[in-house]
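J.: The sequence shown lines up with residues 327 to 439 when you count with this note's numbering. Below you will find the structure I want to go over with you.
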Amino acid sequence: REGADIVNDVSSGGFDRGIYDVVASAGVPYVMMHMRGDPKTMQSEENTTYGNVVADIASELGRKAARAVREHSVVPWNIISDPGIGFAKTHAQNELILGRLAAIQRAFPSGFL
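Structural data, given as structure tokens:
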């Protein structure tokens, strides 16, 4: 069979929402990574400023995952959340995230990884 066995999307549909339809059609696991901005701007102060980095990542990823499921028929059990260590985060934020991965996972509805 031709095609992808998994899709790893560093923008979670932010660069191209058409990826949701591709993933839904292929029926493959979809890694949705958290990132603000783009590769040139992601480390700016604007993109690395969070109210609560763990809660904000969970909320931002959760909204994108819900949109992929609701509007594009991506099945929730194919979505794998990736907090995006090093992408729009400071070193201190990365350390905090690594210690709180379970909190990010718990913020997703049942059926998401």
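C-beta atoms are modelled at their ideal positions from N, C-alpha and C, and glycine is treated no differently.
Helix or strand or just coil, what does DSSP make of S407?
T.: Counted from its first residue, the sequence shown places residue 407 at position 81. S407: strand per DSSP, three-state reduction.
J.: Roughly how many whole angstroms lie between the Cα atoms of K366 and R426?
T.: Position 40 of the sequence shown holds residue 366. Position 100 of the sequence shown holds residue 426. In a straight line, the C-alpha of K366 is about 27 Å away from that of R426.
J.: Pop quiz: N404 and V348 are said to be a contact at Cβ under 8 Å. What is the actual Cβ separation, rounded to whole angstroms?
T.: Here residue 404 corresponds to residue number 78 of the sequence shown, with the count starting at 1. Here residue 348 corresponds to residue number 22 of the sequence shown, with the count starting at 1. N404 to V348, Cβ: 12 Å. No contact.
J.: Could you tell me which whole alpha helix (DSSP H) segments of length 4 or greater appear in the segment 332-361?
T.: As far as the segment 332-361 is concerned, its whole alpha helix (DSSP H) runs of at least 4 residues are 344-352.
J.: Nearest by alpha-carbon distance to E397: which of G344, V357, G363 is it?
T.: Within the sequence shown, the letter at position 71 stands for residue 397. Measuring from the Cα of E397, the nearest candidate turns out to be G344.
J.: Considering only the beta carbon of each residue, do G388 and F434 sit closer than 8 Å?
T.: Residue 388 sits at position 62 when you count from the first residue of the sequence shown. Residue 434 sits at position 108 when you count from the first residue of the sequence shown. In this structure, F434 lies closer than 8 Å to G388 by Cβ.
J.: Is the number of C-beta pairs between the segment 328-342 and the segment 372-383 that are closer than 8 Å three or more?
T.: Output reads no: the segment 372-383 does not touch the segment 328-342.
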